[in-house]
Amino acid sequence: MNARKLSDGQFAWLLMIPGLALFLAIIAYPLVAALVTGFFEQSLVRPGRAFVGLANFADVLGGDFWPVLRNTLVFTIGATLIPFVVGYALALALNAGIRGSGFLRGLFLFPWVIPGVVVSFLWLWIFNANYGVLNGVLTQAGFIETTVSWLGQPVTAMIAVIVTKTWASFPWMMVMLLAGLQTMPKELHEAASVDGAGAVRRFRSVTLPHMKGIAGIVLLLEFIWNFQHFDTIYVLTGGGPAGSTKTFAVAVYDTAFKGFDLGHATALGGLWMLLLLVLVAFYLRRETKESS
Amino acid sequence: MTTMNRRDALRMLGLSTLGATALAACAPDASGGGAPKGDTAAKTFGFTSWSLNEEAQKGAVQAIVDAYATAKQVKVHTASFPYNEYLNQVTLKLRGGQVSGAIQLDISWLGALAAMGKLRDLSPQAAKGGYTEVARSSGQFDGKQLGLPWTTGSIGLIANTDLLKKAGVDGLPSTVEEFEAALGKVGKLGGGVVPYAAATKAAQLKDILPWMQTFGSPLLNGEEIAVGDDASVAAVEWYKKLYDAKLIAPDVDRFDARALFAQGKAAFYDDAIIARGVVSSQAPDKTLTEKMAPLARPVLKAGDTPRALLWGHVIVVVDGEGADAAADFASFATSDTATVAGFFEKVKLPPTTTAGLADPKVAGDTFTTDWTEKITKTATPNPFWRYAGYAQIESTIAEQVQAVLVGQSSAKEALAKAAETAKGLQK
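From first to last, the protein sequence lines stand for chains Z and H. Numbering-wise (full-length UniProt numbering), the first sequence opens with residue 1 and increments by one. Numbering-wise (full-length UniProt numbering), the second sequence opens with residue 1 and increments by one.
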């Protein structure tokens, strides 16, 4: 075959080969190997493994799968919607051209550039029951008489991890939404004003429809990321108290690296991935729809 | 300018693909193979230690490494990970064949590492090391001497005698009833003082196990999980009672407890003998260490044997590259009398050899001798350590005890659930 006679399509495939090879070596092979491990009784520390069929999956589904799914969904929904509302409000305020908006935009981005683990440790100190800043401030202000164990009670612990993740996530959402707002023609608002629409009506009838696309993508991506999130929860609560903040990421880590039980860990991971695939399918469908 | 035609591009891409494939082929296999191989008499070896990552100890450990390297004209490559991530990192690296030489281990981790079948039997070194029997047994697993004991002690209770005096507590409590009464008196001091900075976070709630033993639970009967028996349920109900009465505080792990104790805000807490060094480095009151007193864990009724958890570090050696030199180093670090006495002087970790313990630097230290007499003397290993998944067994129990503390479950139900889950982890 004369290489000079390669078509553009063939040449494009050739360009993709290194990427595909790396994908196979770094993503596909470990993924398939991990999924296969779910069908074996395999330990991280003991040599050898034994085929157990679907037993690991049955154990996982009959064990903590449902409470873990519930925790994951509570965390994911909370840590997606709350920063979205905060980010949207700030984007609207910054887009209104208030004085110092450039400085404020930089300031609000600050939490986003701090590594997640550092953010988590900062909030760990804030929420500490015995010498935390939050209890100190609330006690000084007279709102509470005795200290509150924010991370020691199931409900407040979940709120704490959502608040921490909100602090870390809202800047990204704010920037994306602000970019969307800035593409909106001013004439639309001006025309609506001329027609007598107030601020709320203009927001509902002009801003929201215009932002539907970008808001949907931002929400979906953040939902997917939160569904896989690990560091905030692991640092703040380790999945506790009493498993009340244990999400899939923490449960898989504990099973694999505390119990050294790779079979059950990968079975849980496989089920988790299936759920994630549904979300990814939504995203891809939406992307395909928009590009066509 | 040189231009590249499609044939050149094809060649380059082919080579890249070959490279990527080779990379994949070099990846460690899923079976956990890949033990390090090479010259076992090599004059260079590795030493992995979490102590090299801790401010209070790294100078003293590095001094031992440097002294050995200079004396034997060898090169020691050191590596370190934080304690909380250490077991995972070492396990993964050992599985992938990426660690060799000597490795510092907590004695509770020996079972997990031994299961990998990559550790050298150090019986010859142990036989001539002069270790005490208790210390030597802490490095044994399944009849093999897989670790040389570096320090052997226990996890026990420590009291702030100054706070107890202020609260009107005379002497140290020796029964659970006296202990509870003392906590009640300390609780009345107010000012944010936590009477007993007991672990309430899952990471350290394993500290409740000696209390379960105090109440009469064996924890493990042969191969049967005994957690959930009447004694362990009574222990958890008692713990919950202290929690509700605010005699123990929520959200406390070992690090929080040390911080509270160092600030004079806790009258009792559980720690290893290392406590004195750690607390003194954190305490604003430089005389606090003089007010620290180790005490035998209070017993249910007078005459019972106080319970404590055996604690210590061992050095293991990975079979293969540099193993001979690493074993010699492990022997030097743990049994050379001048070295272990010097190490004690710097970090206050008691040695494991008879000669080391008899050294005036050690024997003349009242805190250490008190600790040994009151706590270590009756300390026993955690029976779950024999299982590779012991950490998850402890986590399961801790999680269920937390459920009791936060009012989600009764002690009986929670411990029955813990026992059921733990059964599946006895591998």
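Built from N, CA and C at the ideal position, the CB exists for glycine as well.
What residue from H:Lys361, H:Asn88, H:Gly97 and H:Thr353 has the CA that sits closest to Lys128 (chain H)'s CA? Relative to the Cα of Lys128 (chain H), the nearest Cα in the group H:Lys361, H:Asn88, H:Gly97 and H:Thr353 belongs to H:Thr353.
Strictly under 8 angstroms for the Cβ-Cβ distance: is Leu116 (chain H) near chain Z by that measure? According to the sequence displayed, residue 116 (chain H) carries Met and not Leu. Closer than 8 angstroms to some Cβ of chain Z, the Cβ of Met116 (chain H) qualifies, so yes.
Residues near Gln282 (chain H) by beta carbon distance below 6 angstroms, same chain, minus five either side: These residues qualify, in order along the chain: Ala262.
Step through the CB atoms of chain Z and report whether any lies within less than 8 angstroms of the CB of Lys43 (chain H). no
So what does Ser154 (chain H) bridge to, in DSSP terms? H:Leu310
Continuous beta strand (DSSP E) stretch holding Ile103 (chain H): start and end: Counting along the chain, the beta strand (DSSP E) containing Ile103 (chain H) begins and ends at Gly101 to Asp106.
Spell out whether any CB of chain H is found under 8 angstroms from the CB atom of Gly259 (chain Z). yes
With 8 angstroms set as the bound, which would you pick, yes or no: does the beta-carbon of Ser120 (chain Z) sit closer than that to a beta-carbon of chain H? no
Could you tell me the alpha carbon to alpha carbon distance between Lys412 (chain H) and Gly243 (chain Z), rounded to whole angstroms? 18 angstroms
Which partner residues of Val76 (chain H) appear in the DSSP bridge assignment? Bridge partners of Val76 (chain H): H:Phe45.
Residues of chain H with a CB under 7 angstroms from the CB of Leu44 (chain Z): which are they? Thr91 and Arg95, listed in chain order.
Consider the Cβ of Asp8 (chain Z): report whether some Cβ of chain H lies at a distance smaller than 8 angstroms. Asp8 (chain Z) does not count as touching chain H.
Report the option in H:Pro350, H:Leu242 and H:Asp229 whose CA atom is closest to the CA atom of Thr366 (chain H). H:Pro350
Would you say Thr48 (chain H) lies against chain Z (beta-carbon separation less than 8 angstroms)? no
Cβ pair count under 8 angstroms reaching 3, the region 283 to 298 of chain H against the region 153 to 173 of chain H: yes
What whole-angstrom Cβ distance do Val52 (chain Z) and Gly263 (chain Z) have, given they're in contact under 8 angstroms? Rounded, the Cβ-Cβ distance is 7 angstroms, consistent with contact.
Per-residue DSSP class, three states only, for Arg285 (chain Z): helix
Quick one, are the C-beta atoms of Leu415 (chain H) and Val236 (chain H) less than 8 angstroms apart? Inclusion of Leu415 (chain H) and Val236 (chain H) in the CB contact set at 8 angstroms is warranted, their separation being smaller than that value.
Determine the contact status of Arg136 (chain H) and Pro124 (chain H), defining contact as a CB-CB distance below 8 angstroms. no
For Ala168 (chain Z) and Leu236 (chain Z), what's the separation of their Cα atoms in angstroms? 14 angstroms
Skipping 5 residues on each side, what residues in its chain have a beta carbon closer than 6 angstroms to that of His210 (chain Z)? Met184
Just mark Ala28 (chain Z) as buried or exposed, buried being the case when its beta carbon has 16 or more other beta carbons within 10 Å. exposed
Beta-carbon of Gly38 (chain Z) versus every beta-carbon of chain H: anything under 8 angstroms? no
If you pair each beta-carbon of the region 271 to 284 of chain Z with each one of the region 212 to 224 of chain Z, do three or more pairs fall below 8 angstroms? Three or more beta-carbon pairs drawn from the region 271 to 284 of chain Z and the region 212 to 224 of chain Z are found closer than 8 angstroms, and the two stretches are therefore classed as touching.
Tell me which residue opens and which closes the beta strand (DSSP E) that Phe51 (chain Z) is part of. Arg49 to Phe51
Please determine, among H:Phe45, H:Gln400 and H:Asp66, the residue with the shortest C-alpha to C-alpha distance to Gly228 (chain H). H:Gln400
Which two residues bound the contiguous alpha helix (DSSP H) that contains Met211 (chain Z)? Leu208 to Phe227
With a cut-off of 8 angstroms on the beta carbons, I'd call Ala323 (chain H) and Arg95 (chain H) a contact; round off their distance for me. In fact, because the Cβ distance is near 18 angstroms, the residues do not count as touching under 8 angstroms.
7 angstroms Cβ cut-off: residues of chain H touching Gly270 (chain Z): Correct list: empty, because the minimum Cβ distance to chain H is about 15 angstroms.
Under 9 angstroms between beta-carbons, which chain H residues line up against Pro241 (chain Z)? List them in chain order, please. Here the neighbours are Thr200, Lys201, Ala202, Pro250, Asp251, Glu399, Gln402, Ala403, Leu405, Val406 and Gln408.
Give the range of the alpha helix (DSSP H) segment to which Met16 (chain Z) is assigned. Asp8 to Phe23
Would you kindly report the start and end of the unbroken alpha helix (DSSP H) that includes Ala414 (chain H)? It spans Ala411 to Lys423 - the alpha helix (DSSP H) in which Ala414 (chain H) sits, taken as one unbroken run.
As a quick exercise: from Z:Ala55, Z:Asp261, Z:Thr288 and Z:Arg285, pick the residue whose alpha carbon is nearest that of Gly48 (chain Z). From the listed residues Z:Ala55, Z:Asp261, Z:Thr288 and Z:Arg285, the smallest Cα separation to Gly48 (chain Z) is found for Z:Asp261.
Closest residue to Leu275 (chain Z) among Z:Met173, Z:Ser7 and Z:Thr76 (Cα-Cα distance): Looking only at Z:Met173, Z:Ser7 and Z:Thr76, the smallest Cα-Cα distance to Leu275 (chain Z) is reached by Z:Thr76.
Measure the alpha-carbon distance for Ile397 (chain H) versus Asn160 (chain H) and round it to whole angstroms. 29 angstroms
Which residue's Cα is closest to the Cα of Ala218 (chain Z): Z:Trp172, Z:Val163, Z:Ala191 and Z:Leu138? Rather than Ala, the amino acid found at residue 218 (chain Z) in this sequence is Val. Of Z:Trp172, Z:Val163, Z:Ala191 and Z:Leu138, the residue nearest in Cα terms is Z:Trp172.
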